[in-house]
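Worksheet: the structure to be examined is printed underneath.
2 protein chains.
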Amino acid sequence: MNCMKCKVSENPSIKEAYRLIEDGIRKRALVVILACCSASYEGRARSRLDAGERLIVIKPDGTFMVHQDRKVDPVNWQPPKSRSRAYIKRGSLYLESIRRDPEERLEVEIHEAHLVSYYLARDVHDLMVAGHENDMGDMIIMHPHLIEKGFRPVAREYAVTSGFIDILGKDENGSLMIIELKSRKAGVSAVKQLKRYVDEFREDRVGVRGVLVAPSITHDAMEMLEEEGLEFREIEPPRELRSNRGVTLDNFL
Amino acid sequence: MNCMKCKVSENPSIKEAYRLIEDGIRKRALVVILACCSASYEGRARSRLDAGERLIVIKPDGTFMVHQDRKVDPVNWQPPKSRSRAYIKRGSLYLESIRRDPEERLEVEIHEAHLVSYYLARDVHDLMVAGHENDMGDMIIMHPHLIEKGFRPVAREYAVTSGFIDILGKDENGSLMIIELKSRKAGVSAVKQLKRYVDEFREDRVGVRGVLVAPSITHDAMEMLEEEGLEFREIEPPRELRSNRGVTLDNFL
DNA sequence: GCCTAGGTCCCGTGG
DNA sequence: CCACGGGGCCTAGGC
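Next up, the structure:
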């Protein structure tokens, strides 16, 4: 029942469950409930979930989730900064989570609580992650020869009317190169995107090369790439876990 | 400790925790752990999470999640059909979840378990939801006058080279109309998409109208729409709840 | 099995 | 504050 950080109640009465949940919310704890429940949501969309046995989580940042016994995503949820509370109405226990802007409301009716607990969790660390598109850009700026010998980056996130070019540069002959990065397998949409960028420059009558950089590419995308006279470089996103993020071109110009 | 559906252990020893977790996985229960842990992931990307107090969930479908005290998304996870197990190495308790294709591995080291539990959850119901783009399409097919008087739908999900046109139809004068649906506020990307569809047909020298249908639109998107001679219809997605799918056999296996 | 597109996407970032 | 785009996106549907 008590371990400083945890409070737990098995098969609590409605009133016990109510008190423990409200206590957990007020103490800004991680509230965890195993219960038979049903749920109604109304907001950007609208949904109804009939009774079943599920995991309910209320986080100290206001996040509210109902998880079924399947899938990664919660079946119903509210985002951080939502306001949650418990209440008893006509002898039944309810949880409510409300968000403002957009106005959204999730109501969960607890038919039978099997386990109610809260956890005064301390967690100061953030995830360190590598392998994003941005990391690929950093790597190419620092090692331009990965694109090809003589490649020189000129600009990053270069704004054009149809969007932002990931990396703009020149090859050893001085021809403009447009680099489109994808951190995972590139599909036809990536090729279309690259083509739009290249077309914008080709209208200006410059010899322009378009290069799609990704760890792999779908068959259809490769076909379209070749039809359009564009190029593909197979490059894996880097794997070094670094806390120091954000390499800019300024470091090298 | 026991309520038929639940097993719970507070501040278990490493061996107790190990046994309860393995028992829960084997019984295809929903395993819920509150613990101080760290995590390493390697797969499509790579990540490292230093020690902190978190919620760990293992679902009977193979889903594995590590939740921090913030945000809706798990900080680390594995999708359904992953294989999870617990093991003790050099006196420490570890959880491992492995996925094949793509090959991915998540390892969690439990430094101190505060609560270990599992829940033999039965849940046969699926979410009923309304307000999707597809629902808007259904509504417009059944009530074409929502677009305008005299509008006649001709095709749905009509394939063109740049994608699929949500609804193709004709106005009362026989002019072709291309309808692009968005269930939420439409941005510039929606306008670009519609423009590409319309351009494909305009090349064929037909008087073609393009209509963006959404509950609202961003300022920039509206400007671009007007510049391109396209139209906007403010329509809310319908709200009637329909069951996506009935109960399937899988729920009983 | 691969691929495409939608989502109450979530989430960070930049205007 | 809103708008935009990436993501280990997840997930459903098509082929």
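In order, the protein sequences belong to chains A and B. Numbering of the first sequence is given in this note's numbering, commencing with residue -6 and proceeding in unit increments. Numbering of the second sequence is given in this note's numbering, commencing with residue -6 and proceeding in unit increments. Note that CB positions come from ideal geometry on N, CA and C, so glycine has one too.
Inset, instruction - Please report the Cβ distance between A28(A) and A106(A), rounded to the nearest whole angstrom; I am assuming they are in contact, meaning their Cβ atoms lie under 8 angstroms. - result: 4 angstroms
Inset, instruction - Assess, as a yes-or-no matter, whether the segment 59 to 75 of chain A is touched by the segment 105 to 125 of chain B under the definition of 3 or more beta carbon pairs within less than 8 angstroms. - result: yes
Inset, instruction - Within its chain, find whatever has a CB closer than 6 angstroms to the CB of E224(A); leave out the 5 residues flanking it on each side and keep chain order. - result: Hits under 6 angstroms: V204.
Inset, instruction - Using only the heavy atoms of the ligand MG, determine whether one of them is closer than 7 angstroms to the beta carbon of I91(B). - result: Because no ligand of any kind appears in the structure shown, any question about the ligand MG cannot be addressed here.
Inset, instruction - For the beta strand (DSSP E) holding L108(A), just list the boundary residues, first then last. - result: 97 to 112
Legend entry - Closest residue to V75(A) among M215(A), E100(A), L86(A), D66(A) (Cα-Cα distance): Strictly speaking, residue 75(A) in this sequence is Ser, with Val absent from that position. Nearest option by C-alpha distance: E100(A).
Legend entry - Beta-carbon proximity of L187(B) to I171(B), cut-off 8 angstroms: yes
Legend entry - Span separating the alpha-carbon of D119(B) from that of A179(A): Approximately 33 angstroms, taken between the alpha carbons.
Inset, instruction - Would you kindly check if the distance between the Cβ of R149(B) and the Cβ of G130(B) is under 8 angstroms? - result: Yes, the Cβ-Cβ distance between G130(B) and R149(B) is below 8 angstroms.
Inset, instruction - Return the bridge partner residues of M58(A) from the DSSP annotation. - result: When DSSP reads this structure, M58(A) sits in a beta bridge with V50(A), W70(A).
Inset, instruction - Could you pull the start and end residues of the alpha helix (DSSP H) that A10(B) belongs to? - result: 7 to 19
Inset, instruction - Step through the CB atoms of chain B and report whether any lies within less than 8 angstroms of the CB of H118(A). - result: yes
Legend entry - Of the listed residues E193(A), T154(A), I134(A), E35(A), nearest to L174(A) (C-alpha basis): For L174(A), the nearest C-alpha among the options comes from I134(A).
Legend entry - S77(A) versus V50(A): straight-line alpha-carbon distance, rounded: 11 angstroms
Legend entry - Option nearest P53(B) by Cα separation, candidates S90(B), R189(B), V191(B): Checking every option, the nearest Cα to that of P53(B) belongs to S90(B).
Legend entry - Neighbourhood of K142(A) by C-beta, 6 angstroms cutoff - its chain only, sequence neighbours within 5 removed: none
Legend entry - Among S182(B), K163(B), A207(B), the one whose alpha carbon lies nearest that of D213(B): S182(B)
Legend entry - beta strand (DSSP E) segment containing G143(A), residue limits: It is not in any beta strand (DSSP E) - G143(A) carries neither H nor E in the DSSP assignment.
Inset, instruction - Report back the beta-carbon spacing between I7(A) and I81(A) to the nearest angstrom; my notes put them in contact at under 8 angstroms. - result: 6 angstroms
Inset, instruction - Under 8 angstroms Cβ to Cβ from Y250(A), same chain only, skipping five residues before and after it: list those, please. - result: The structure shown has nothing for residue 250(A), since chain A only spans -6 to 246.
Legend entry - chain A contacts from the segment 58 to 70 of chain B (Cβ-Cβ distance under 8 angstroms): M58, H60, Q61, D62, R63, K64, V65, P67, V68, N69, W70
Legend entry - Three-way DSSP call (helix, strand, coil) for N244(B) in this model: Because N244(B) carries a pLDDT of 35, less than 50, the predicted location of this residue cannot be relied on, and no value is offered for it.
Legend entry - Contact set for G200(B): own chain, Cβ-Cβ below 8 angstroms, skip 5 residues either direction: Around G200(B): S168, L169.
Legend entry - From P95(B), V122(B), E233(B), F57(B), residue whose alpha carbon lies closest to that of A32(A): V122(B)
Legend entry - chain B contact for E173(A) (CB, 8 angstroms cutoff): no
Legend entry - Residues, ordered as in the chain, of the segment 174 to 193 of chain B that lie near chain A by beta-carbon distance below 7 angstroms: R177
Inset, instruction - For A79(A), I'd like the list of residues in its chain whose CB is within less than 6 angstroms of its CB, leaving aside the five on either flank, ordered along the chain. - result: Within the same chain, Cβ atoms closer than 6 angstroms to the Cβ of A79(A) are found at Y11, I14, E15, L88, the five residues on either side in sequence being excluded.
Legend entry - Within 8 angstroms, strictly: CB atoms of R37(A) and R177(B): Against a cut-off of 8 angstroms, the Cβ pair of R177(B) and R37(A) comes out as a contact.
Inset, instruction - Identify whether N237(B) lies in helix, strand or coil by the three-state DSSP scheme. - result: For N237(B), the pLDDT reaches just 48, beneath the cut-off of 50, and the residue's location in the model is therefore unreliable, although a value from the coordinates is still provided. Looking at N237(B) - three-state DSSP - the assignment turns out to be coil, as it is neither helix nor strand.
Inset, instruction - Just the C-alpha distance for F194(B) and V109(A), rounded to the nearest angstrom, thanks. - result: 60 angstroms
Legend entry - Per DSSP, cross-strand counterpart(s) of E227(A): A207(A)
Legend entry - Chain-ordered residues of the segment 15 to 42 of chain A with a beta carbon less than 7 angstroms from chain B: Here the close residues are L23, V25, L27, R37, A38, R39, S40, R41, L42.
Inset, instruction - Have a look at V184(A) and G124(A) and give me their C-alpha separation to the nearest angstrom. - result: 21 angstroms
Legend entry - Chain-ordered neighbours of T56(A) on chain B, where CB pairs are closer than 8 angstroms: By Cβ distance, chain B contributes R63, K64, V65.
Legend entry - Cβ-based neighbour list, N69(B), same chain, cut-off 7 angstroms, excluding 5 preceding and 5 following: The answer, listed in chain order, is A32, Y34, S40, L42, V59, L99.
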